[in-house]
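Following: one structure in structure tokens, then a few remarks.
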Amino acid sequence: MDIRLGEKHLHEATAIIQELLADPRVNTEELEKIFWLAKAGYPGYDVKAREAVESLMKKYGLTVSGMPDGEAAQKIYEYLWGLDVVESLYRMPHVNEIRVNGPRKIYYQYQGKNMRAEEICFKDSEHIRKIIARMLEHDRAYLDESNPGCESRRLDGTRLTALTYPVTKEPCFILRKHGTFDMSQDNYIESGTMSEYILNLLVVLVKGRANILISGSANTGKTTLLRFLVKYLHPRLRIVTLETDRELFLDEWYPDRDIISLEAHPELGWDMRRCFVIVLRLSPNVIIVGEARGIGEAGQMINAVRSGHTGMGTLHTLSVYEAVSTLALMALEEGRKLPVPLLEDQIASGFDVIIQMYGNDVTGTIRIEHVVEVSKGKNGPEFRDLCIWEPSNESYEQGKWRYPCGISEMLAQKLFKFGVTRSELEQLEGMRANA
Numbered sequence: 258m259d260i261r262l263g264e265k266h267l268h269e270a271t272a273i274i275q276e277l278l279a280d281p282r283v284n285t286e287e288l289e290k291i292f293w294l295a296k297a298g299y300p301g302y303d304v305k306a307r308e309a310v311e312s313l314m315k316k317y318g319l320t321v322s323g324m325p326d327g328e329a330a331q332k333i334y335e336y337l338w339g340l341d342v343v344e345s346l347y348r349m350p351h352v353n354e355i356r357v358n359g360p361r362k363i364y365y366q367y368q369g370k371n372m373r374a375e376e377i378c379f380k381d382s383e384h385i386r387k388i389i390a391r392m393l394e395h396d397r398a399y400l401d402e403s404n405p406g407c408e409s410r411r412l413d414g415t416r417l418t419a420l421t422y423p424v425t426k427e428p429c430f431i432l433r434k435h436g437t438f439d440m441s442q443d444n445y446i447e448s449g450t451m452s453e454y455i456l457n458l459l460v461v462l463v464k465g466r467a468n469i470l471i472s473g474s475a476n477t478g479k480t481t482l483l484r485f486l487v488k489y490l491h492p493r494l495r496i497v498t499l500e501t502d503r504e505l506f507l508d509e510w511y512p513d514r515d516i517i518s519l520e521a522h523p524e525l526g527w528d529m530r531r532c533f534v535i536v537l538r539l540s541p542n543v544i545i546v547g548e549a550r551g552i553g554e555a556g557q558m559i560n561a562v563r564s565g566h567t568g569m570g571t572l573h574t575l576s577v578y579e580a581v582s583t584l585a586l587m588a589l590e591e592g593r594k595l596p597v598p599l600l601e602d603q604i605a606s607g608f609d610v611i612i613q614m615y616g617n618d619v620t621g622t623i624r625i626e627h628v629v630e631v632s633k634g635k636n637g638p639e640f641r642d643l644c645i646w647e648p649s650n651e652s653y654e655q656g657k658w659r660y661p662c663g664i665s666e667m668l669a670q671k672l673f674k675f676g677v678t679r680s681e682l683e684q685l686e687g688m689r690a691n692a
């Protein structure tokens, strides 16, 4: 087609691009693939889609009034294949979540802080519904009054939860991105998430293959911390992860490591219990069970740390003390036929350490507030404080860490057995004494 289209308004140019791509002579298989992957959120394909639009504009002499070609192509991409008015938020590296409660009620979380997007809005509920449908297309899922709640995962790992009438008054959705925090030692210390001593303590615990449970409420950085700690496992160790919803993506974060990731699918007959049997046949050195939500993860998390393997996992609770009882109750609700005290003893003898995370969505603070050794005692679980956040009289946000106890001799023996040297343990104790 030899066409010179000239200068148009943005909405006209968008309609022209749409019309051109309806022609099979223009919309090649390669272009179809680019736009499909861009819609599905595959990393990098938003750029390829924008470049494809810009190339079409140049080929057919199409320009947009008052806009450079690149900017116009970006706007056309956002409207036809992207997330439209929230696309720019979605692409901001430090935005953790986007929450759309209604056409004019758009919120987001930036570096852990809850914010409102005042300058953008959807036209109406139908506009929101159209964007939700676009995000669900690659999953062959749908949202309507007969199926008013839907969850999906975009190809970049972002988790989508969408709802509509009659569950909610109007269509709404939340997007939870992953990997928005740069997991470096310096960042963790400079952001106030941990002190230098806590960092060294955690490195020694992971290197020595302690069984670790990370506890905390939503948006406190549990999964991110778990990803970070995996770095300090010996590179020769084989790691198998088991989740109900894939969130860790360890095989992507550590592509050169021996890692295999499993996701349970009960609808296919592959629940957590069946998957765990397979996990044991995959020759794991380390078993990581993703967040325990009470749909099979709790029981397998307990099995992981009691099966002779190194185990790690995360859990939604408000304190290290509640972590043991909550995990026990979850396992009971999942069908584990044991008294709660016995389940608590299993957890306390299986895990070595519990890390409690704290997060404040108003200030953006994320902090390790408590680290304990946990062990089975005569009268139930016993806890040994390794570090604890001590707030000031004025504010919980201000304060300092205390380090009441060093690593117990029993745990030190385990760490020593798996490669931590006596000099490393002595150096850590010296840091604690001087902190």
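Counting in the numbering used here, the sequence shown runs from 258 upward without gaps.
Cβ coordinates follow ideal geometry from the N, Cα and C atoms, glycine included.
Keep in mind the model is a prediction, meaning the values are calculated, not measured.
Check, Outcome
"Work out the CA separation of Y445 and S649 for me, nearest whole Å.", "21 Å"
"Counting only runs of 4+ residues fully inside the region 355-409, write out the alpha helix (DSSP H) ranges in chain order.", "382-393"
"Which first and last residues belong to the alpha helix (DSSP H) in which Q603 is found?", "V597 to G607"
"Identify the continuous beta strand (DSSP E) that holds A419 and give its terminal residues.", "R416 to L420"
"Would L262 and G318 be called neighbours here (beta carbons separated by less than 7 Å)?", "yes"
"Go ahead and pull the three-state DSSP assignment for W293.", "helix"
"So the candidates are M349, S474 and I517; which of them puts its Cα closest to the Cα of T574?", "S474"
"DSSP has D642 in a bridge; who is on the other side?", "V629"
"Keeping to the same chain, check which residues put their C-beta closer than 6 Å to that of K316; ignore five residues upstream and five downstream.", "none"
"Please report how far the alpha carbon of N404 lies from the alpha carbon of W338, in whole angstroms.", "24 Å"
"Would you call E500 buried or exposed, if buried means 16 or more other Cβ atoms sit within 10 Å of its Cβ?", "buried"
"Span of the alpha helix (DSSP H) holding E554?", "E554 to V562"
"Report yes or no: do three or more beta-carbon pairs, one from the region 381-393 and one from the region 336-353, lie closer than 8 Å?", "yes"
"How about G369 and I623: do their beta carbons lie closer than 7 Å?", "yes"
"Per DSSP, Q613 is paired with what?", "S472 and H627"
"Is any heavy atom in the ligand SAH found nearer than 6 Å to the beta carbon of T285?", "The ligand SAH is not part of the structure shown, which contains no ligands of any sort."
"Given that a residue counts as buried once 16 or more other Cβ atoms are within 10 Å of its Cβ, and exposed if not, what is R282?", "exposed"
"Taking the beta strand (DSSP E) that S649 falls in, what are its first and last residues?", "Run containing S649: none; DSSP gives neither H nor E here."
"Helix, strand or coil for N542, going by three-state DSSP, please let me know.", "coil"
"Looking only at C-alpha atoms, which of I611, Y334, G565 and R514 sits nearest to L490?", "R514"
"Please state the DSSP three-state secondary structure of V461.", "helix"
"Go to F485, then tell me how far its beta strand (DSSP E) extends in each direction, as first and last residue.", "Run containing F485: none in the beta strand (DSSP E); it sits in the alpha helix (DSSP H), K479 to V487."
"With distances taken from CA atoms, which of E311, E335, I516 and Y336 is nearest P325?", "E311"
"Using only alpha-carbon positions, find the residue among D642, N476 and G553 that is nearest to C662.", "D642"
"Cβ atoms of L584 and A555: under 7 Å apart, would you say?", "yes"
"Which residue wins for smallest C-alpha separation from Y347, given the options D280, E579 and R416?", "R416"
"Looking at the structure shown, is F533 part of a helix, part of a strand, or coil, going by DSSP?", "helix"
"Using 8 Å as the threshold, is the region 417-426 in touch with the region 389-409, meaning 3 or more CB pairs across them?", "yes"
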